[in-house]
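**Q**
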Amino acid sequence: MRTAILSVLAAAFLITGCSEQDTGPVEVKWDRDVCERCRMMLSDREHAAQVRGGEKNRVYKFDDIGGAILWLQDKDWKNDPVTEVWVTDHRNEQWIDAKKAWFVSGHNTPMEFGLGAQSSPVESAMNFEQAVDYIIQRENKYNQSGADLKEQADEHKHHDH
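With the first letter of the sequence shown counted as 1, position 61 gets the number 60 in numbering that gives the first Met the number 0; the numbers rise by one all the way through.
(1) Counting Cβ pairs closer than 8 Å, one from the region 54-61 and one from the region 88-104, do we hit at least three?
(2) For SER136, which three-state DSSP category applies?
(3) Only counting the same chain, and skipping five residues up and downstream in sequence, which positions put a Cβ closer than 7 Å to that of MET39?
(4) DSSP on ALA97, reduced to helix/strand/coil?
(5) So, under 8 Å CB-CB, GLN72 and ALA100 are touching, yes? Tell me the CB distance rounded to an integer number of Å.
(6) Helix, strand or coil for GLY65, going by three-state DSSP, please let me know.
(7) Under a three-way DSSP split, which group does TRP85 fall into?
(8) Going by beta carbon distance, what residues of the same chain come within less than 7 Å of ARG42, once the five residues before and after it are set aside?
(9) Mapping DSSP to helix, strand and coil, what is ALA130?
(10) If I measure Cβ to Cβ from LEU13 and keep anything under 7 Å in the same chain, skipping five residues before and after, which residues do I get?
(11) For the putative contact between GLN49 and TRP85, defined by C-beta atoms under 8 Å, what is the C-beta separation to the nearest angstrom?
(12) What are the partner residues of GLY115, as DSSP defines its beta bridges?
(13) Judging by CA-CA distance, which residue of LEU69, HIS106, ARG36 is the nearest neighbour of ARG44?
(14) What separation, rounded to the nearest whole angstrom, lies between the Cα atoms of GLY65 and TRP94?
(15) Give me the Cα-Cα distance between ARG36 and MET125, rounded to the nearest whole angstrom.
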């Protein structure tokens, strides 16, 4: 009887021990996991990001905080208080809460948004809300669609004549 109880407890421990936690970042399989937005493999340990939320509180992985923020914009659960955003601290590669992080520009990042996250503030660092605005403005400025660029070129041609 005692052996049976120990077996059941051991099985229960193994089942709960192997299930994914429901908060925080998860382990990244570097050079194997892919970015949810651009489908590139995650290899930059200093600038990676994760978003946890939505249906079943799932985790989505990204190679750049810029990609994570842009991907999240059209999700109806983006502002849900339980939605989590995690980034690696560029100084030590530890996962930190992006909503409490400080972002510094001038970094060479996979998607060229140039933001490195860190847990402590420094002069000219952006908070999370400022970083979100920066990312969206940068995307709007530099990544117009081909149709938009063609329309602008056509308008330019008509003004030259």
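From the three backbone atoms N, C-alpha and C, an ideal C-beta is built for every residue, glycine too.
Everything numeric in this text was worked out from a predicted model, so none of it was measured.
**A** By the coordinates alone:
(1) No: the two stretches stay apart, fewer than three of their Cβ pairs being nearer than 8 Å.
(2) As a first step, residue 136 is located in the sequence shown; it is residue number 137 there, counting from the start. The sequence given here has Gln at residue 136, not Ser. In the structure shown, GLN136 sits in a helix (DSSP, three-state: H, G or I).
(3) Against the sequence shown, residue 39 aligns to sequence position 40. Closer than 7 Å at Cβ, skipping near neighbours: VAL33, ASP62, PRO109.
(4) What you label residue 97 is simply residue 98 of the sequence shown in a count that begins at 1. Here ALA97 sits in helix by DSSP.
(5) On the sequence shown, position 73 is the one that residue 72 refers to. On the sequence shown, position 101 is the one that residue 100 refers to. Not quite, the Cβ-Cβ distance comes to about 19 Å (not below 8 Å), so this is no contact.
(6) Sequence index remark: in the sequence shown, residue 65 carries index 66 (1-based). It is helical.
(7) Residue 85 sits at position 86 when you count from the first residue of the sequence shown. In the structure shown, TRP85 sits in a strand (DSSP, three-state: E or B).
(8) Numbered from 1 along the sequence shown, position 43 holds the residue referred to as residue 42. Inspection of the sequence shows that residue 42 is occupied by Ser rather than by Arg. So the qualifying residues of the chain are TRP29, ASP30.
(9) Translated into positions along the sequence shown, residue 130 becomes position 131. Here ALA130 sits in helix by DSSP.
(10) For the purposes of this step, residue 13 is taken as residue 14 along the sequence shown, with counting starting at 1. Residue confidence is low: LEU13 scores 46 on pLDDT, short of 50, so the model does not pin down where it sits. Its coordinate-derived value is still stated next. Answer for LEU13: no residue qualifies.
(11) Residue mapping note: residue 49 aligns to position 50 of the sequence shown, counting from 1. Residue mapping note: residue 85 aligns to position 86 of the sequence shown, counting from 1. The beta-carbon distance between GLN49 and TRP85, rounded to whole angstroms, is 4 Å. This is short enough to meet the 8 Å contact definition.
(12) As a working note, residue 115 is residue 116 in the sequence shown. Answer by DSSP bridge pairing, in chain order: VAL103.
(13) The sequence position of residue 44 within the sequence shown is 45, counting from 1. The shortest Cα separation from ARG44 among LEU69, HIS106, ARG36 belongs to HIS106.
(14) Here residue 65 corresponds to residue number 66 of the sequence shown, with the count starting at 1. Here residue 94 corresponds to residue number 95 of the sequence shown, with the count starting at 1. Distance between the alpha carbons of GLY65 and TRP94: 16 Å.
(15) Translated into the one-based positions of the sequence shown, residue 36 becomes position 37. Translated into the one-based positions of the sequence shown, residue 125 becomes position 126. Taking the straight line from one Cα to the other gives about 23 Å.
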